[in-house]
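Participant:
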Amino acid sequence: NKEYDAYLSYSKVELDQWGQELQEEERFALEILPDVLEKHYGYKLFIPDRDLIPTS
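Going by the UniProt record's numbering, the first residue of the sequence shown is number 1, and it counts up by one from there.
Structure (structure tokens):
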């Protein structure tokens with residue numbers, strides 16, 4: 001029995017002087033894609049920034 005259907009991986013990029021395009025890519029990876037796949041299609045994504053539990 002699996003806990004997740006997919007692992008979401010993306011590259012974090014430092015903002016450049018314009019920043020807009022990079023912010024859109026991160027927004028797509030962390031907001032739009034999970035919204036569509038999880039809420040509309042029922043997939044369960046593992047997103048490290050959201051689902052990884054910090055350990056000491």
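Cβ coordinates follow ideal geometry from the N, Cα and C atoms, glycine included. As the structure is a computational prediction, the values presented were derived from the model and not from experiment.
My understanding is that Tyr43 touches Leu37, with C-beta atoms under 8 Å, so please give their C-beta distance in whole angstroms.
Facilitator: Start at 1 with the first residue of the sequence shown, and residue 43 comes out as number 43. Start at 1 with the first residue of the sequence shown, and residue 37 comes out as number 37. Contact flag correct, Cβ pair sits at about 4 Å.
Participant: Excluding the 5 residues flanking Ile47 on each side, which residues of the same chain have their C-beta closer than 6 Å to its C-beta?
Facilitator: Against the sequence shown, residue 47 aligns to sequence position 47. So the list reads Leu8, once near-sequence residues are dropped.
Participant: Apart from the five residues just before and just after Leu33, which ones in its own chain have a Cβ nearer than 6 Å to its Cβ?
Facilitator: Start at 1 with the first residue of the sequence shown, and residue 33 comes out as number 33. Nothing listed; no residue qualifies.
Participant: Between which two residues does the alpha helix (DSSP H) holding Asp5 run?
Facilitator: Along the sequence shown, read from residue 1 onward, the residue named residue 5 stands at position 5. Where Asp5 is concerned, there is no enclosing alpha helix (DSSP H), given that its DSSP letter is neither H nor E.
Participant: Report the option in Lys12, Lys39, Asp35 whose CA atom is closest to the CA atom of Glu26.
Facilitator: Within the sequence shown, numbered from 1, the residue matching residue 26 stands at position 26. Checking every option, the nearest Cα to that of Glu26 belongs to Lys12.
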